[in-house]
């Protein structure tokens, strides 16, 4: 048994001590450890974090850890996982980020308790696309059926490999009912209407969806009745010129982010909508003419952040601007512009209190 004596001696003690105590271990956390053979005596282990470990193949000894709930093998050199991984029936999290894994065996669907499945890699140029043929099946409809079987899933992140590739998720009829986080990156031909069933959903991010207004695919209309939604991000997600937040909707929403909605001209917030909104972020919405109509009724709004917005938009809400009265109740208002070399954002504080102090800080940082 070799567990990287140098690493362990510097962090959690000599390797011999680990071997002696291994029968009692419940958590083994050794990122970027030099491991050649995995210890076979950790039978009671619940958490195993081996990010960046040096082994080249999947350590088969892991398959004996029947009580394992969390397994992280991210940033390792493994290229495949065995079918028998489906026997770890208590597994809740499987992290295979930044590995060579391009195929997930269908036996993974036996993991009834699986909540988090992370299989992606950022180095797209040198990476074979995730193979849905041998893993979650090839066609979108089969992918959707496989997702439906993961009934204990808490977080779902689906990303298309190219900006022009459509995400076809319409075949999902019964989504994982316990889903709390949903992140979709890629074009959507139509909005997945099954989202209204996600009563536990707390966060949703739609990026590059580019939903067409002419087909009435306004994402707001499909999400406004979710009872537990706390955070909504629309990033280049909608091509319409108006967003309406209707009376009595989004009762728990605390964070709203609107980014690069290129054709958006107006946001309307009717009385009684988003009553608990605390943070509003508007980024690169170049055609938005003014702050949302009804923003003055959002009494719990604490932060307004504006990124790379037109000068005339920002000027309206500055002290003395014609719309300043609509935002004067917001304690923290910031406007950000990219530095000339595009390396970082430069903030400008627009709130009344401490305005001069923050401006001086800006001058010094420049």
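Residue numbers (this note's numbering): 34 to 399. Beta carbons are placed, not taken as given, at the ideal position from N, Cα and C, and that holds for glycine. Treat the numbers as computed from the prediction; the structure is a model and nothing was measured.
Among residues of its own chain, excluding the 5 on either side of residue i, which ones have a beta-carbon nearer than 6 Å to its beta-carbon?
i: residue 43; result: Only weak support exists for where residue 43 lies, its pLDDT of 40 falling under 50; the value from the coordinates is given anyway. The answer is none, since no qualifying residue turns up.
i: residue 380; result: 367, 369
i: residue 281; result: 305
i: residue 290; result: 266, 314
For residue i, which residues from the same chain have a beta carbon less than 7 Å from its beta carbon, with the 5 sequence-adjacent residues on both sides left out?
i: residue 120; result: 96
i: residue 227; result: 205, 206, 208
Tell me which same chain residues have a C-beta within less than 8 Å of the C-beta of residue i, skipping the five on either side of it?
i: residue 252; result: 224, 239, 242, 244, 267, 270, 271
i: residue 285; result: 260, 261, 262, 263, 309
If you draw a straight line from the C-alpha of residue i to the C-alpha of residue j, how long is it?
i: residue 129; j: residue 362; result: 46 Å
i: residue 116; j: residue 132; result: 17 Å
i: residue 174; j: residue 262; result: 27 Å
i: residue 179; j: residue 200; result: 15 Å
i: residue 182; j: residue 142; result: 7 Å
i: residue 185; j: residue 211; result: 6 Å
i: residue 111; j: residue 140; result: 18 Å
i: residue 114; j: residue 318; result: 44 Å
i: residue 293; j: residue 299; result: 13 Å
i: residue 202; j: residue 348; result: 42 Å
i: residue 81; j: residue 75; result: 10 Å
i: residue 283; j: residue 230; result: 15 Å
i: residue 324; j: residue 105; result: 44 Å
i: residue 151; j: residue 135; result: 12 Å
i: residue 279; j: residue 332; result: 17 Å
i: residue 94; j: residue 176; result: 30 Å
i: residue 102; j: residue 125; result: 5 Å
i: residue 277; j: residue 364; result: 25 Å
Could you spell out where the beta strand (DSSP E) holding residue i opens and where it closes?
i: residue 190; result: 188-192
i: residue 266; result: 264-268
i: residue 149; result: 149-151
i: residue 277; result: 275-278
i: residue 299; result: 299-302
i: residue 62; result: 60-62
List the DSSP bridge partners of residue i.
i: residue 312; result: 288, 336
i: residue 105; result: 82, 128
i: residue 240; result: 218, 268
Can a CB atom of chain C be found closer than 9 Å to the CB of residue i?
i: residue 81; result: Among the protein chains of the structure shown there is no chain C, as only one such chain exists.
Within the continuous alpha helix (DSSP H) that includes residue i, where are the two ends?
i: residue 256; result: 252-256
Q.
Could you tell me which whole beta strand (DSSP E) segments of length 3 or greater appear in the region 343-377?
A. Correct list: 365-371.
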